[in-house]
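Below you'll find the structure, written out as structure tokens, and then a few comments.
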Amino acid sequence: MNKNFRLQLTLIMIAFSIFISLVVALINQEKIRNKLFDEHRLKLNLIEDNILSSLSSIDKAYMLFDKDMAETMEANSKELISLYEKEPDFEKWNFKFLKEKYNMDVHILDNRNVVIYSSEKDDIGLDFRACCVNFSNLLNQRRHDGKFTHDGMDIVQSSRELKKFSYMPTPDRKYMIELGVSLEQGEIFKHFNFLTVEQELENRFSMVESIKVYNSGGFILGSSKKDEDDLRNSTDKWETFRKALKSGKTKETEREIDGRKITYHYLPYKAEEQRGYSTSRVIEIAYNKEDLNHALNQSLREFFIQLFVIFVAAIIISLIIARQVARPMYLAFHDPLTGLNNRAAFEELLKEYQSKKKGNLALMMIDLDNFKLVNDSLGHAEGDNILKAAAHEILANAGRENHAARLGGDEFVVIYPDIEEVELKKAASTLIDRMQWLFRDIREKKHIDVSISVGIAMANSEDDVDSLYDKADRALYESKENGKNQFNIYKMSS
């Protein structure tokens with residue numbers, strides 16, 4: 001009976017352990033999946049923020065600084081109106097001379113909104129009713145109003161050059177005088193070139209196939225007619241584009257190209273100051289989910305491997321009753337709130353790497369700025385959430401080869417066993433940027449300026465644990481003294 005009881009008890013423990021382990025593994029797998037999806041969405045949001053910020057910056061710049069250009073265009077338009085009153089036969093106008101005189105393109109539109117005369121031969125015959133119905137209607141309204149108007153950044157359909165356009169009807173309302181000024185050679189465009197940002201994002205994120213910015217008529221700012229034809233000839237893409245433009249909400253559609261699924265993400269954008277249709281745009285982000293799917297598949301493979309190991313481990317642990325000591329051992333070396341290594345684990349790891357004296361050992365100390373205000377204003381529960389979110393970002397930024405720990409309160413550290421100073425600076429700068437993004441809601445909605453200050457120390461042959469820690473702490477103090485939200489590397493002079 002005793003043997004049977006022990007056997008039954010052992011079997012019950014094994015079954016219970018396997019059941020619990022399976023549930024835990026499934027929950028953990030679901031968390032990993034959710035994390036991968038969250039990271040994928042975070043990347044997409046980051047791409048959106050970058051291109052939106054770039055467009056907003058250039059529009060704001062033009063809004064602030066193109067007043068003089070608009071005044072010049074208006075003065076030139078009035079001169080041309082005077083010329084029309086003296087000589088209404090455009091056949092006798094020297095458009096080449098006018099372009100050289102004003103350093104602007106000169107176009108004449110008839111009452112059907114067709115370009116009938118122009119200093120640019122390729123633009124003659126352009127019919128706005130055919131390509132851009134809404135814009136053609138706007139031109140009709142402008143002709144009726146009889147006033148000078150000017151738009152923001154737009155494109156020339158023939159050359160795809162980015163220009164600023166103005167419009168002024170003749171007194172008899174028969175014609176519209178359109179002037180165009182190139183923007184691509186101006187200092188504002190060079191300084192806030194969103195096309196460069198597009199290219200940088202495409203190069204930076206492997207998930208991105210392409211990024212394009214369309215005006216309201218479906219013409220790409222800074223690209224080729226081939227890409228525009230692809231949008232117009234694809235029913236699903238065109239309809240999705242129109243829905244995003246009309247609703248002002250993000251829309252998506254998916255296509256399969258050469259066996260690969262590509263998602264087309266349409267993000268509407270409007271400048272703060274609306275000028276015609278040129279400042280209403282739609283951003284197209286074409287992206288794949290190959291990295292996400294690869295990570296999900298890798299996670300699934302790891303899950304089955306882990307599941308097998310868990311089953312085996314569960315049986316062994318049940319037999320030796322080792323489950324009773326697993327949790328205390330974990331808590332001995334991990335912070336219960338964030339899951340990072342605690343001070344004890346940190347000191348052991350630092351001593352271990354210090355004793356080996358291999359590679360360029362470095363210590364990064366991180367402190368949350370104004371964290372006390374969070375606890376005082378929002379409560380300790382919210383403070384704990386911020387600590388956990390900060391720990392997640394620190395762990396993600398540190399990477400697998402390095403070790404992050406929470407020493408207590410709002411103080412964190414990362415051990416880099418082998419790293420160059422250039423890489424350290426990049427890691428610190430990236431972490432500060434990620435924290436700025438993480439805490440944006442608290443700054444904007446709660447008006448608490450939460451950020452991080454970072455102190456870095458690189459070990460030399462004479463350093464021990466205490467001296468390296470002291471150097472990093474001094475560097476951190478200097479970052480705090482210099483205004484926070486920055487990093488500082490310890491130097492002998494400091």
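97 is the number that our numbering gives to position 97 of the sequence shown; each next residue is one higher, with no gaps. Every residue, glycine too, gets a C-beta built ideally from N, C-alpha and C.
query	result
Buried or exposed (CB count within 10 angstroms, at least 16 for buried), residue 427	buried
Residue 483 versus residue 376 - alpha carbon distance	22 Å
Pick from 463, 453, 474 that is closest to residue 486, judged by C-alpha positions	453
Distance, residue 314 Cα to residue 24 Cα	12 Å
For residue 164 and residue 55, the rounded distance between their alpha carbons	15 Å
Length-filtered (4 minimum) alpha helix (DSSP H) runs lying within the segment 421 to 476	421 to 438
Residue 375, DSSP secondary structure in three states	helix
Spatial neighbours of residue 262 in its chain, beta-carbon cut-off 8 Å, leaving aside the 5 residues before and after	209, 254, 255, 256, 286, 287, 288
Coarse secondary structure for residue 72, derived from DSSP in three states	helix
Residues of its chain near residue 347, where Cβ-Cβ distance is below 7 Å and the 5 sequence neighbours each way are ignored	465
Limits of the beta strand (DSSP E) - the one that residue 355 falls within	Run containing residue 355: none in the beta strand (DSSP E); it sits in the alpha helix (DSSP H), 343 to 356.
Bridge partner(s) assigned by DSSP for residue 219	None, per the DSSP bridge assignment.
Range covered by the beta strand (DSSP E) that runs through residue 285	280 to 288
Nearest-angstrom Cα separation, counted from residue 20 out to residue 323	Residue confidence for residue 323 is low, a pLDDT of 47 falling below 50, so the modelled location carries little weight and cannot support an answer.
Helix, strand or coil at residue 148 according to DSSP, with G and I counted as helix	coil
Counted within 10 angstroms of its Cβ, other Cβ atoms place residue 198 as buried (16 or more) or exposed	buried
Beta-carbon separation (whole angstroms), residue 175 vs residue 110, contact threshold 8 Å	6 Å
The segment 359 to 375 contacting the segment 408 to 420, beta-carbon criterion three pairs below 8 Å	yes
Selection from 147, 180, 39 that minimises the alpha carbon distance to residue 172	147
Cβ shell of residue 303 (< 6 Å), same chain only, five flanking positions each side left out	29
For residue 367: DSSP bridge partner residues	411, 453
N-terminal and C-terminal residue of the alpha helix (DSSP H) that residue 245 is part of	235 to 247
Best match in 37, 379, 259 for proximity to residue 291 [C-alpha to C-alpha]	37
Buried versus exposed, by CB contacts within 10 Å (16 or more), residue 144	exposed
Buried/exposed call for residue 258, threshold 16 Cβ in 10 Å	exposed
Contact check, residue 299 vs residue 32, beta carbons under 8 Å	yes
Same chain, Cβ closer than 7 Å to residue 119, five either side skipped, listed in chain order	95, 96, 98, 99, 105, 106
Cβ neighbours of residue 69 in the same chain (closer than 7 Å, five flanking residues each side left out)	164, 181
DSSP bridge partner residues for residue 169 (one or two, in chain order)	176
Among 51, 43, 18, the one whose alpha carbon lies nearest that of residue 271	51
Cβ-based burial, residue 305 [other Cβ within 10 Å; buried from 16]	exposed
Selected residue, minimal CA-CA separation from residue 455, among 16, 133, 369	369
Same chain only: Cβ atoms within 6 Å of residue 326, ignoring 5 sequence neighbours per side	Residue confidence is low: residue 326 scores 44 on pLDDT, short of 50, so the model does not pin down where it sits. No coordinate-derived value is stated.
For residue 262: DSSP bridge partner residues	255, 288
Span separating the alpha-carbon of residue 409 from that of residue 388	12 Å
Nearest-angstrom beta carbon gap, residue 415 and residue 350 [assumed within contact, 8 Å]	6 Å
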